[in-house]
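One structure is given here, and the rest of the page talks about it.
In the working numbering, the protein residues as written are 468 to 834.
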């Protein structure tokens with residue numbers, strides 16, 4: 468809102484849409500109105516403990532306690548029974564307040580064997596909206612994503628179509644524009660999926676989708692802000708060569724297809740042998756991977772760089788693509804082994820262990 472009020476063009480969904488979707492409880496209500504399946508949950512919990520107990524019991528244990536604002540796993544706690552509620556509430560409120568400036572929390576039903584799958588969408592300012600299929604984000608640590616892949620190995624065509632259509636139904640209902648992600652939990656036992664939240668922004672793992680669709684999501688957002696139409700890949704010009712209808716560079720839904728398989732690993736300066744404690748210091752040596760089908764997103768990783776404790780521990784994102792899932796995993800394994808990071812600890816070996824685990828290779832993992 469401040470950007471718009473200052474006369475600057477804002478790249479992203481409108482403030483009105485952000486108000487609807489930036490809060491998880493409000494987003495959940497919007498999903499219900501749009502007819503999208505949601506997990507049983509409460510409204511924001513009051514500060515009265517007895518009322519909280521009654522509301523939680525109404526949903527039924529086990530539960531997941533969540534912060535209404537923000538994400539990244541902050542404020543999340545598993546509640547096995549009512550005995551866990553009081554202590555978890557206090558801790559989650561403190562964490563949410565410190566991270567997001569708001570201590571509002573709520574609880575939702577916990578799915579034991581869940582998969583985390585999300586749908587990437589793009590919308591323009593002319594009412595056009597498309598999906599770029601799904602990403603699987605099931606492999607997590609402390610409720611934070613570690614490895615993402617696309618397409619999800621456990622979805623068939625019918626399941627994929629139902630999931631993506633649900634995402635579009637919600638985003639159409641709120642008038643969404645630009646890039647956004649609709650996140651779902653899928654019950655691995657029943658195959659039923661449930662809406663959990665919207666990330667109304669570009670996400671860390673957007674590179675995975677770009678690799679399998681060939682669509683530059685960041686560029687598309689800029690073109691949408693310029694007035695570009697989704698469904699057009701070339702500008703329409705008049706006889707004088709002037710642009711009369713701008714294109715967003717994104718084709719119609721029917722022309723967007725999945726090509727191959729991709730996965731992304733987040734290389735961090737966390738020490739797996741020390742409880743994943745973030746390490747800091749000077750990078751005495753740094754060498755990254757390279758080659759066909761390998762994409763790097765970095766900026767602060769180089770020999771001599773100083774890693775401080777004041778920022779996120781993410782050092783570089785590496786994304787690999789190949790025609791098949793096994794090939795993309797092998798390419799990632801080779802890329803991770805090519806990295807050389809000296810001077811600070813990293814999670815390289817941990818990532819290698821994850822992607823080489825039989826459960827990951829088969830797609831038989833749950834969050």
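Each residue gets a CB set at the ideal place from its N, CA and C atoms; glycine is no exception.
All values derive from a computational prediction rather than experimental measurement.
If we count the other Cβ atoms within 10 Å of its Cβ and call it buried at 16 or more, is residue 695 buried or exposed? buried
Can a CB atom of chain B be found closer than 8 Å to the CB of residue 532? No chain B appears in this structure, which consists of one protein chain only.
Can you name the residues that DSSP bridges to residue 710? 704
DSSP has residue 623 in a bridge; who is on the other side? Per DSSP, none; premise fails for residue 623.
Endpoints, alpha helix (DSSP H) assigned at residue 817: 815-822
Name the DSSP bridge partner or partners of residue 664? 650
With distances taken Cα to Cα, identify the nearest neighbour of residue 716 among 809, 559, 820 and 691. 691
Entirely enclosed beta strand (DSSP E) segments - the segment 513-594, minimum 3 residues: 530-534, 544-546, 572-576 and 581-590
Sequence-distant residues of its chain with Cβ nearer than 7 Å to residue 685 (five each side left out): 669
Taking residue 553 as the reference, which of 474, 683, 514 and 577 has the closest Cα? 514
Cβ shell of residue 540 (< 7 Å), same chain only, five flanking positions each side left out: 609, 610 and 611
Among 662, 766, 726 and 654, nearest to residue 676 - alpha-carbon criterion: 726
For residue 808, is the classification buried or exposed, using 16 other Cβ atoms within 10 angstroms of its Cβ as the cut-off for buried? buried
Quick one: using the 10 Å Cβ neighbour count with 16 as the cut-off for buried, is residue 813 buried or exposed? buried
Just grab the DSSP bridge partners of residue 735 for me. 781
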